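> Attaching a single structure in structure tokens format; questions to follow.
Numbering (the numbering used here), first residue to last: 1088 to 1750.
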């Protein structure tokens, strides 16, 4: 795994060096630069930081070139079918100087050109400079699901790109400025959907897309998408056959992603997805599998129903013969939040970033590669919002007066903070507010944390005027239109795959693992497994039942003889965090400082009395505003780090802090 950076028609070797240096955490094992100036005045530079996973020798140094030195690559990722592709390329006369997958991608591009991405199975973001025509042409690509990030800024005839925004900001004439429409999306969803970022003029190359840059012109095209059959399609395989096929395809995916020349392990929560990965890893190796479970001291768990029970993975590990390290953490969250906000590049108000970072940081002491269960919920329908669609269908058949009474009663309930009912009350209130809407608007509403009225009441007058006509869900509406003829459950899965998973889950998994110099692999996001799930599994076998639907039914059936019943019955659990406790204790001083009236007025984005009302409602227990307050804290930290201070200054501060910590 690596960090990549590049320039075209701007900057110089010094700039390229700064861009590469700020990505040191992504690749502490090696670094490299390559540049070329051309007679017409054009310029291309490529930079790389390397985390060595395959072929640990110097032969894997990047940027890497072909024998004729006419094609150069900087690459981030892992190609799981690289050995097969290597043999195919050798049969066509290509010669290899290393055992890396990087060189396979390089020669595959030589052979296939831009179509090389169609043959790649894995996760990747890379840039290739092709000099064979006499004029430089850049080819950029991002993997099918967007596991690896690729940011860029294209202005005039200049192009800057990198694995992280902080590297892009090292380039000349690129200023860190807030994009107001992205702020509107952030307040809606907790994060900014691809392809936008919170920075004006800086974008993400979308998942499944590639781009060519020649003569100052950038052309972006989609090379792959996850498609679904029309609603009402007849499915030929029986449930038993489907379960067998899913299990075998999943096993092959896990096995293929265990190839590594460095120690490998896996996350292990109490949930179905990570447990399934570990079980399949155990079937593919004779060595005990290293697993890592994060948990918090008991005081953090009061009133929290989503924090994993560490006893469940411990029992599973013993049954499978695994090593299981229980990582009990009591983090200094006031110190971590600013540092991890810098690593995230953009404000991402999901506290799971902290738990993801902590488990990667501890696991790095023993393993460089970890397998993660991201993607299982998107393939097989594992989220509560999928079940909520079924609940809402039944709810809408109730008389209108009865629904109004239910909604009024739920709205009047206190937040029940500090009790086991807190999560259920929050879910019930959210479902009641959206249940009467049409399916598309209901799904979008269930993905949000502030509605339109709440956001407008928060914004300062000038911001209100600029955003009144802006639709924060424009990406969602576009994606719904793309799969409008599919069953609605499959429509939801498509949106989760194309928006929620890539912009949030995969994004923070990449950034938090790379902050610890750890590579995270995601076996559920095997392209062939995903396409099989989309086209061959009926929606009612993904989410089975109406009033109490079973999520991921077919995958549970597939793993029935692999996992104990205790794990198969586990409810949805992820990288949860004790936000309530932190806001009431560790972060109380930060809340009062960063969200003070004086500071809110200085920013000019929000009305200070509206923000304060949220804080007071949280502290009094009148409403559960924990996620909204976390949003404001994350945003203010991001503004201080990314906008108030120069990008170079902040890069030096955080890089220096990391060097001291790892010395």
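Idealized CB from N, CA, C, for every residue including glycine.
Since the structure is predicted, the reported quantities are computational estimates derived from the model, not experimental observations.
Tell me, which residues are paired with residue 1456 by DSSP?
Answer is 1351, 1606, bridged to residue 1456.
> Among 1434, 1715, 1592, 1605, which residue has its Cα nearest to the Cα of residue 1538?
Measuring from the Cα of residue 1538, the nearest candidate turns out to be 1715.
> Taking the C-alpha atoms as reference points, what is the distance between residue 1369 and residue 1345?
Going by the C-alpha atoms only, they are around 11 Å apart.
> Does DSSP put residue 1409 in a helix, a strand or coil?
Reduced to three states, the DSSP call for residue 1409 is coil.
> Do residue 1554 and residue 1355 come within 8 Å of each other at the CB atom, strictly closer than that value?
No. Outside cutoff.
> Going by alpha carbons, who is nearest to residue 1319 out of 1651, 1638, 1627?
Considering only alpha carbons, the answer is 1627.
> Quick one: what's got a C-beta closer than 8 Å to residue 1114's C-beta in the same chain, skipping five residues either side?
These residues qualify, in order along the chain: 1088, 1089, 1090, 1135, 1136, 1137, 1138, 1604.
> Which first and last residues belong to the alpha helix (DSSP H) in which residue 1686 is found?
1684-1690 is the span of the alpha helix (DSSP H), which, as asked, contains residue 1686.
> According to DSSP, is residue 1491 part of a helix, a strand, or is it coil?
In this structure, residue 1491 counts as helix in the three-state DSSP scheme.
> Nearest CA to the CA of residue 1679: which residue from 1647, 1706, 1530?
Considering only alpha carbons, the answer is 1706.
> Whose CA, out of 1283, 1260, 1262, lies closest to the CA of residue 1270?
The shortest Cα separation from residue 1270 among 1283, 1260, 1262 belongs to 1283.
> Tell me the rounded alpha-carbon separation between residue 1287 and residue 1581.
Taking the straight line from one Cα to the other gives about 28 Å.
> Can the beta-carbon of residue 1170 be found less than 8 Å from the beta-carbon of residue 1644?
Contact: no.
> Where are the alpha helix (DSSP H) runs, 4 residues long or more, that stay fully inside the stretch 1149-1218, in chain order?
DSSP runs (the alpha helix (DSSP H)) wholly in the stretch 1149-1218: 1169-1178, 1188-1199.
> In chain order, what residues of the same chain lie with their CB nearer than 6 Å to the CB of residue 1215, ignoring the 5 residues before and after it?
Taken in chain order, the residues that qualify are 1160, 1196, 1226.
> Identify the residues that DSSP records as bridge partners of residue 1123: which are they?
1131.
> Measuring alpha carbon to alpha carbon, tell me which of 1194, 1167, 1187, 1189 ends up nearest residue 1180.
Per the Cα distances, 1194.
> Under three-state DSSP, which class holds residue 1369?
Helix at residue 1369.
> What did DSSP end up calling residue 1269 once you bin it into helix, strand or coil?
Of the three classes helix, strand and coil, the one that applies to residue 1269 here is helix, per DSSP.
> Alpha carbon to alpha carbon, how far is residue 1404 from residue 1361? Give it in angstroms, no decimals.
In a straight line, the C-alpha of residue 1361 is about 12 Å away from that of residue 1404.
> Which value, in whole angstroms, describes the spacing of the CA atoms of residue 1394 and residue 1415?
Any reading at residue 1394 needs caution, since the residue's pLDDT is 48, under 50, leaving its predicted position unreliable; the model's value is listed next. Those two C-alpha atoms are separated by around 12 Å.
> Checking the sheet assignment: what are the DSSP bridge partners for residue 1414?
DSSP lists 1381 as partners of residue 1414.
> How is the alpha helix (DSSP H) around residue 1445 delimited, first residue to last?
Its alpha helix (DSSP H) spans residues 1439-1450.
> Mark residue 1158 as exposed unless 16 or more other C-beta atoms lie within 10 angstroms of its C-beta, in which case mark it buried.
Residue 1158 comes out buried.
> Looking at the unbroken beta strand (DSSP E) that takes in residue 1638, where does it start and where does it end?
Where residue 1638 is concerned, there is no enclosing beta strand (DSSP E), given that its DSSP letter is neither H nor E.
> Do you know whose CA, among 1497, 1529, 1434, 1491, lies nearest residue 1475's CA?
Taking only the C-alpha atoms, the option nearest residue 1475 is 1529.
> Express the C-alpha separation of residue 1517 and residue 1700 in angstroms, rounding to a whole number.
So the two alpha carbons sit approximately 20 Å from each other.
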